[in-house]
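Using the UniProt record's numbering, the final residue of the sequence shown is 191, and nothing's skipped along the way.
All C-beta atoms in this analysis are idealised placements derived from N, C-alpha and C, irrespective of residue type, glycine included.
All of these numbers come straight from a predicted model, not from anything done at the bench.
Notes follow once the structure below has been shown.
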Amino acid sequence: MVSEPEVYYFKQTDFVPNSRLPVLVYRNVLPQPLNEESAQVFLENNQWYKGGTWGAVPRHHFHPNTHECYAVIHGSSTLLFGIGPSEDTKLGQKVHVASGDVIVIPAGVSHCSTDFQDDYIYVGVYPKDSPKWKNEYCRDADKCAIFRDEAETVVVPDWDPVKGHRGPLYQIWTTSTHESVRLGSTHEPTT
Numbered sequence: 001m002v003s004e005p006e007v008y009y010f011k012q013t014d015f016v017p018n019s020r021l022p023v024l025v026y027r028n029v030l031p032q033p034l035n036e037e038s039a040q041v042f043l044e045n046n047q048w049y050k051g052g053t054w055g056a057v058p059r060h061h062f063h064p065n066t067h068e069c070y071a072v073i074h075g076s077s078t079l080l081f082g083i084g085p086s087e088d089t090k091l092g093q094k095v096h097v098a099s100g101d102v103i104v105i106p107a108g109v110s111h112c113s114t115d116f117q118d119d120y121i122y123v124g125v126y127p128k129d130s131p132k133w134k135n136e137y138c139r140d141a142d143k144c145a146i147f148r149d150e151a152e153t154v155v156v157p158d159w160d161p162v163k164g165h166r167g168p169l170y171q172i173w174t175t176s177t178h179e180s181v182r183l184g185s186t187h188e189p190t191t
């Protein structure tokens, strides 16, 4: 049985828009035997599609135009969320992730690896019909409000990458939002 995800909220900083939507971390949920193909099939069955396979990314960055999901298939890493490289680490949160974990990162939330072990590798997946991700590197305070506006227009997916249609992601994110956040294509927000 898959437990509910861990939930982490991040407020906007001078350099990072972050999101009203929380980062979600599912522990040890990927199917066995665990490899790139089994993770990809599992996530694509839940309408999240592979963008690539990567190792540690030590550079602080965020994607203002799409949500992102990591499926850790090997090793472990400490991820730092919510801040840019020049900001006080107390504003962010370090989260240790390991093989089998799934991490869902809302559009606008910064993330990077601060350390990694055992040949850390993850499959990066994105909600069905998402645009190609844009990388922003937490350097331009003057554009932070613009990036936040862009991130807030990204649709809340109907599909949770782990639990499927209208799973915890949908339930948590739709109750974490305000009326101006766009919901999935099958319905509109109520007013």
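inquiry  = One question on the structure: do Gly-92 and Cys-138 come within less than 8 Å of each other, judged by their Cβ atoms?
reply    = no
Beta-carbon contacts of Tyr-46 that lie in its chain and below 6 Å, excluding the five residues immediately before and after = According to the sequence provided, residue 46 is Asn. The question's Tyr does not apply to it. Hits under 6 Å: Trp-159, Pro-161, Gly-164.
request  = With DSSP as the reference, please indicate the residues paired to Leu-30 in a beta bridge.
outcome  = According to DSSP, which records beta bridges pairwise, Leu-30 is partnered with nothing at all.
query = In the structure shown, what three-state DSSP assignment does Glu-68 receive?
reply = strand
key: 8 Å contact criterion, which Thr-53 and Val-123 should meet: CB distance rounded   = 5 Å
message = Please list the terminal residues of the continuous beta strand (DSSP E) segment that includes Gln-93.
response = 93-98
key: Glu-136 burial status per 10 Å Cβ neighbour count (16 or more: buried)   = buried
inquiry  = Report the CB separation of Ser-3 from Gly-108 in whole angstroms; it is logged as a contact under 8 Å.
reply    = The C-beta distance from Ser-3 to Gly-108 rounds to 26 Å, too long to fall under 8 Å, and the pair is not in contact.
query = Which residue's Cα is closest to the Cα of Ile-105: Cys-112, Asp-115, Val-23, Phe-15?
reply = Comparing Cα positions, the closest option is Val-23.
ask   = Just to confirm, are Thr-29 and Gly-100 a CB contact at a threshold of 8 Å?
value = The question names Thr, but residue 29 in the sequence shown is Val. Result yes, Cβ atoms of Val-29 and Gly-100 sit closer than 8 Å.
message = Assuming contact is defined by CB atoms lying nearer than 8 Å, are His-111 and Phe-147 in contact in what I supplied?
response = Between His-111 and Phe-147, the CB-CB gap reaches or exceeds 8 Å.
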